[in-house]
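Before any comments, here is the structure.
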Amino acid sequence: MTKTAEKVLLKGNHAIAKAAINAGCQCYFGYPITPQNEIGEYLSVEMPNRGRVFLQAESEIAAINMLLGAAATGTRAMTSSSSLAIALMQEGISYIAADNIPAVVVSVMRAGPALGYIFPSQGDYFQTVKGGGNGDYKVLTLAPSNVQEMIDYTYKAFHLAHKYRTIVFLLADGLLGQMMEPAVLYDYPYEDIDNSSWALDGAKDRPGRWIGSIHRSEEVLERKVLELFAKYDVIKQNEVEYETMLTDDAEILITAFGSVARIAKAAIKKAREAGIKAGLFRPISLWPFPTEELNKMARGKKIVLDIEMNMGQMVEDVKIAVNGEAKVEFFGRPAGFYFTPDEIFEEIKKVMEGLK
Amino acid sequence: MTVKEASIIISGYGGQGVLFIGMAISNCAMDENKYVTWMPSYGAEMRGGTANCTVVIANDEVASPYQTNPDYVIALNAQSVEKFEMKIKSGGTLIVNSSLYKGHEKRTDINYVYIPANEIAAKIGEIKCANVVMLSAFIEKTKIVKIESLKKVIRNVITASKAKLLEINELAIQKGSEYIRLPICN
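Read top to bottom, the protein sequences are chains S and D.
Each residue of the first sequence is one higher than the one before, counting from 706 in our numbering.
Each residue of the second sequence is one higher than the one before, counting from 8 in our numbering.
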């Protein structure tokens, strides 16, 4: 394991790849797509060097099913991809969720719909959090906003996947993947989790085990789904994560996730300098969404302004959370155009003017 | 705290080493405990066209690593001048590799600095060092980071086995920063 205590200049995608190696990821399966190719490129060299598996699959459908198979043996494994290619993985994602398999998927969003292009975007909030696979299931989703957090939440993704035997998404975007920033690559901080009670690791000296999602009786299928949701309730209680900035006296509360949140922070500082009491609520776990926390935070605020690089996706969860405590407005652009702090500042001013 | 931020776009032909000098100045900023981001252009670029990267150096977390209107542009070829001259913030600076650009100034609200980087690099004996000459001149002119930091970063990048290369690059740093102190640049 590499041990580096000092800051190094790291590309977001490389940060994920290095963190995956430190986290003990034994198998990587993937198919190339921009803007996340540096993850596979790096692991294609470094995984074999360590006697671990790097496998370029024939398609994303193959990659997600390879991940399912490897992770079903209790092995730490991951795939990474982007937008239209994550769309191809949805069937496998539903299977991994139903089968209680601990798997990590890195999603570096690009602009859609469909092929779109490689520009950064946040257009796959729905795809990730609301799911594109069939049936009742949830995807634990973590959204970093800088290169340091790419490391922090890759570690956490592996930890939570194994702690809850669940699928975890690290949801980034092309900007976070491509940019370089100083970060500290510290050792994986979590304890190993014992998987001997369930892993398909060969039935030597014990009866065989079965992991599958076909249940031919209504009673059994319902029980399986209820068990899944009992697990989700525990995740909701334990794993909600969010960040706030200058919220105590705020009159306008900005909600934003991922890379947009860091731009919003600069806009909020500008607003404060101009005498506007603005604050930030940034969900880090997109599912479980910090619903109750945002509801409390919204009380007494004049307005909640949700900002996303899409046409309005997280804003639906924001509205559910705020639940009438304050008016909710949305500001967004879809196709890879990055907000400047000035643009967000102008929108804050406009929204505050509108209240007068 | 007022956020002080300087954004730099470094642009040239693919192969001129623009991404490298972007990373070099980013490392300088990191070594000086500043906040910094480096972002490559990875959009619809044409083969044989210009490559560029954006570096933002600040005294607080950098809001956006992507900047359409930079404070500074380091242009290593003519196409880069044409692409970015009109986008520089008013009061900003365009540092031009005058070995490869002979055009006229289109603006009166920005500063122009001309460095014959190819000639300077050729005199040292290694034309590939034109990028380091440009970066050194830029650092000497703006003092955004210390020239000592650049020397340290270059020493870390170029390993002992390539002592000759290190010597040439150190000479490029010296010549680039010396040139900016000439009366012609002031």
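Every residue gets a Cβ at the ideal spot worked out from N, C-alpha and C, and that includes glycine.
Own chain residues within Cβ distance below 7 Å of S/M700, not counting five before or after:
Past the boundaries of the shown model lies residue 700 of chain S; chain S is included only from 706 to 1061, so the question cannot be answered.
In the DSSP assignment, what are the bridge partners of S/L715?
S/E886
Identify the continuous beta strand (DSSP E) that holds D/T57 and give its terminal residues.
57-65
So, is S/P995 buried or exposed, given that buried needs 16 or more other C-beta atoms within 10 angstroms?
buried
Suppose the cutoff is 8 Å on Cβ atoms and the five residues either side in sequence are ignored; what does the same chain contact list for D/F27 look like?
N138
Within 7 Å of chain D by C-beta, residues of the stretch 869-893 of chain S in sequence order:
L880, Q883, M884, M885, E886, P887
Shorter than 8 Å from the beta carbon of S/L714 to some beta carbon of chain D?
yes
When Cβ atoms are compared, which residues of the stretch 67-97 of chain D fall closer than 9 Å to chain S?
D67, E68, V69, A70, S71, P72, Y73, Q74, T75, N76
Step through the CB atoms of chain S and report whether any lies within less than 8 Å of the CB of D/N34.
yes
Can you check which of these residues, S/M1019, S/A1031, S/M884, is closest to S/K1001 by C-alpha distance?
S/A1031
Can you tell me whether S/G913 is buried or exposed? The criterion is at least 16 other CB atoms within 10 Å of its CB, across all chains shown.
exposed
Leaving out five residues on either side along the sequence, give the residues of the same chain with a beta carbon under 7 Å from the beta carbon of D/P47.
L26, C60
Is there at least one Cβ from chain D nearer than 8 Å to S/R967's Cβ?
yes
List the residues of chain S that D/T44 touches, going by C-beta distances under 8 Å, in chain order.
M884, M885, E886
If the criterion is Cβ atoms closer than 8 Å, does the pair S/L999 and S/A1026 meet it?
yes
For the beta strand (DSSP E) containing S/K761, name the first residue and the last one.
Per the sequence presented here, residue 761 of chain S reads as Gln, with Lys not at that position. First-last of the beta strand (DSSP E) with S/Q761: 758-761.
Alpha carbons only, please: which of S/I1008, S/G984, S/G879 is nearest the one belonging to S/Y718?
According to the sequence as given, residue 718 of chain S is Asn; it is not Tyr. Checked all of S/I1008, S/G984, S/G879; the closest Cα to S/N718 is S/G879.
Meets three-Cβ-pair contact criterion under 8 Å: the stretch 26-44 of chain D and the stretch 103-112 of chain D:
no
Less than 8 Å between the C-beta atoms of S/A803 and S/G840, yes or no?
yes
Since I believe S/Y937 is in contact with S/K843 (beta carbons under 8 Å), could you give me their beta-carbon distance rounded to a whole number of angstroms?
5 Å
Verify the CB distance criterion: does S/Y733 have a CB-CB separation below 8 Å to chain D?
no
Restricting to runs no shorter than 4 residues, where is the alpha helix (DSSP H) found entirely within the stretch 765-838 of chain S?
765-776, 788-793, 795-803
So, D/K58 versus D/G99, is the Cβ gap smaller than 8 Å?
The sequence given here has Ala at residue 58 of chain D, not Lys. No, these two residues do not count as a Cβ contact at 8 Å.
Taking any Cβ of chain D, which residues in the stretch 1020-1049 of chain S have a Cβ under 7 Å from it, in chain order?
Y1043, T1045, P1046
Pull up the distance between the alpha-carbon of S/Y664 and that of S/Q853, whole angstroms please.
A query on residue 664 of chain S cannot be resolved here, the shown segment of chain S reaching from 706 to 1061 and no further.
I'd like to know if S/S723 contacts chain D, where contact means its C-beta is closer than 8 Å to some C-beta of that chain.
One detail in the question is off: residue 723 of chain S reads as Lys in this sequence, not Ser. It does not; no Cβ of chain D falls within 8 Å.
Under 8 Å, do S/P894 and S/K941 count as touching if we go by C-beta distance?
no
Beta-carbon proximity check, S/Q832 vs S/G963, cutoff 8 Å
no
Could you check whether D/P72 and D/T44 sit closer than 8 Å to each other, using their CB atoms as the reference points?
yes
Once you ignore the five residues that flank S/L1060 on each side, which residues in its own chain have a CB closer than 7 Å to its CB?
K1007, I1008
List the residues of chain D whose Cβ lies closer than 8 Å to the Cβ of S/K970, in chain order.
E68, A70
Listed by chain order, chain S residues near D/P47 by CB distance under 7 Å
Q883
Taking 8 Å as the threshold (beta carbon to beta carbon), is D/M141 in contact with chain S?
no
Neighbour-count burial assignment, D/K150, 16 or more Cβ in a 10 Å radius:
exposed
According to DSSP, simplified to helix, strand and coil, what is S/E896?
coil
Relative to the alpha-carbon of S/L820, which residue among S/Y830, S/D1022, S/I791 has its alpha-carbon at the smallest distance?
S/I791
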